[in-house]
Amino acid sequence: MRFENPIFVTRSTVAPLNHYSKELESVWESGIFTHNGPKVRRFESEINRFLGCDSTVAVTNGTIAIQIAMRALDLTGGEIITTPFSWIATCSSILWERCTPVFVDIDPNTLNIDPSKIEAAVTKQTRAILGVHVFSNPCDVVKIDTVAKKHHLKVIYDGAHAFGVQHLGRSLLDFGDISTTSFHATKLLSSGEGGAVFANGSTKERLQSIRFFGHDPEKNIIDTGCNGKMTELHAALGLINLPLVPSILQKRKAIYQQYRSILDDKVRYQHFSENAYNFSYMPIILDSEKQLLRVIEELNANNVFPRRYFYPSLNTVNAVKEYTPCPISEDISSRIMTLPSYHDLDLKDVTAIAKMVLATL
Ligand SMILES: Cc1ncc(COP(=O)(O)O)c(C=O)c1O
Numbered sequence: 059m060r061f062e063n064p065i066f067v068t069r070s071t072v073a074p075l076n077h078y079s080k081e082l083e084s085v086w087e088s089g090i091f092t093h094n095g096p097k098v099r100r101f102e103s104e105i106n107r108f109l110g111c112d113s114t115v116a117v118t119n120g121t122i123a124i125q126i127a128m129r130a131l132d133l134t135g136g137e138i139i140t141t142p143f144s145w146i147a148t149c150s151s152i153l154w155e156r157c158t159p160v161f162v163d164i165d166p167n168t169l170n171i172d173p174s175k176i177e178a179a180v181t182k183q184t185r186a187i188l189g190v191h192v193f194s195n196p197c198d199v200v201k202i203d204t205v206a207k208k209h210h211l212k213v214i215y216d217g218a219h220a221f222g223v224q225h226l227g228r229s230l231l232d233f234g235d236i237s238t239t240s241f242h243a244t245k246l247l248s249s250g251e252g253g254a255v256f257a258n259g260s261t262k263e264r265l266q267s268i269r270f271f272g273h274d275p276e277k278n279i280i281d282t283g284c285n286g287k288m289t290e291l292h293a294a295l296g297l298i299n300l301p302l303v304p305s306i307l308q309k310r311k312a313i314y315q316q317y318r319s320i321l322d323d324k325v326r327y328q329h330f331s332e333n334a335y336n337f338s339y340m341p342i343i344l345d346s347e348k349q350l351l352r353v354i355e356e357l358n359a360n361n362v363f364p365r366r367y368f369y370p371s372l373n374t375v376n377a378v379k380e381y382t383p384c385p386i387s388e389d390i391s392s393r394i395m396t397l398p399s400y401h402d403l404d405l406k407d408v409t410a411i412a413k414m415v416l417a418t419l
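The working numbering numbers the first residue of the sequence shown as 59 and each following residue consecutively.
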């Protein structure tokens, strides 16, 4: 069966347009479009309520979130231990801050940085560990914290995928010195473009200052900042989409379960922590890159467009000057892809896609 309309790997979930226009009326009335306005402040407090924390600082996107986090912890110029299995933004943020990424290979099951290999990578120049909760699967935050404390390192978690996940009794975005997330259009919670940093106390105040040109609340310049402010328009979009998150999560879970029930043990899956996963992606691991390319070719021929994600392994990209072998990440990157999953993808279509994959295997 060939789909008449293309099925892409994901689609944004948005509330009806009239909800958005209603939310925008007060923006037009006030004439306030940016500068930490009322929508951004409400978006932050609604996220705090949703996640059960008090640490949200909204910013322009999930990439600037990582960069601001690195600035707030004074990491510029140091070595940052990180994972090669992520989106390029994790690595380019490190390079952008004139830091050196030091890649530690991943665990082949969780697909997160392997905590048992971190300590061997620590040098006198190491300043921080930057972990990624891959596809929302929590990093081993306890082990990472132990190594960090022992070597006086800061910890940042890139939780671009991890919105809405609770772990060890609290929001997964409340771990480390700072966590970050993304509200990009493809994420579980979308504000079109957008992101947030999460921290408490003086670190939170510094993050707020850096996103606003280094100003303090009285507009004194106290830091070297940037312009990381979320606009009122993006915050309004986030606000109307936030209440949809629980139902999106349920729908994506149903899709995940449907894929698994059909694909069964014919492909491999990421091992994720039970009850700590938001099902926002449907990654499958094939036997080889050759097999993966065959499956992609077949799906494309049927108007289905999965995505090689994450690919390539970041230790192999040109921007990184020195190559460090990470055999597990390189191997997984070469044969992993994410299948279509979004709120209004019909379970019948999921069944058909899964059967196409099976037929190719
Ligand atoms: C793991 C990871 N980190 C960072 C980002 C960057 O987020 P943004 O697109 O909001 O800049 C992404 C984006 O998809 C991501 O997947």
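Built from N, CA and C at the ideal position, the CB exists for glycine as well. Computed from a prediction, not measured in an experiment: that's the story for all the values here.
**Check whether Leu188 and Ile138 have beta carbons under 8 Å apart** = yes
**Prompt:** By how many angstroms is the C-alpha of Ala218 removed from the C-alpha of Cys111?
**Reply:** 17 Å
**Request:** Would you mind stating whether Ile171 and Leu265 have Cβ atoms separated by less than 8 Å?
**Result:** no
**Request:** State whether the segment 411-419 contacts the segment 311-331, with contact taken as three or more CB pairs (one from each stretch) at a distance under 8 Å.
**Result:** yes
**Asked** In or out: Lys309 buried (at least 16 other Cβ within 10 Å) or exposed?
**Response** buried
**Own chain residues within Cβ distance below 6 Å of His209, not counting five before or after** = Val180
**Asked** So, do the segment 112-131 and the segment 145-165 have three or more beta carbon pairs nearer to each other than 8 Å?
**Response** yes
**Request:** Let me know the secondary structure DSSP gives Leu372 once reduced to three states.
**Result:** helix
**Message:** Using DSSP's beta-bridge definition, name the partner residues of Glu87.
**Reply:** DSSP output for Glu87 lists no bridge partner at all.
**Prompt:** Helix, strand or coil: which one does DSSP assign to Gln97?
**Reply:** The sequence given here places Lys at residue 97; Gln does not occur at that position. It is helical.
**Asked** Using DSSP with H/G/I as helix, E/B as strand and the rest coil, what is Thr121?
**Response** helix
**Message:** If you reduce the DSSP assignment to three classes, tell me which class Tyr381 lands in.
**Reply:** coil
**Asked** First and last residue of the alpha helix (DSSP H) that includes Leu265?
**Response** Gly259 to Arg269
**Message:** Does the contact criterion of 3 or more C-beta pairs under 8 Å hold for the segment 220-232 versus the segment 281-296?
**Reply:** no
**Request:** Assign Ser88 to buried or exposed, taking buried as 16 or more other Cβ atoms, counted over all protein chains shown, within 10 Å of its Cβ.
**Result:** exposed
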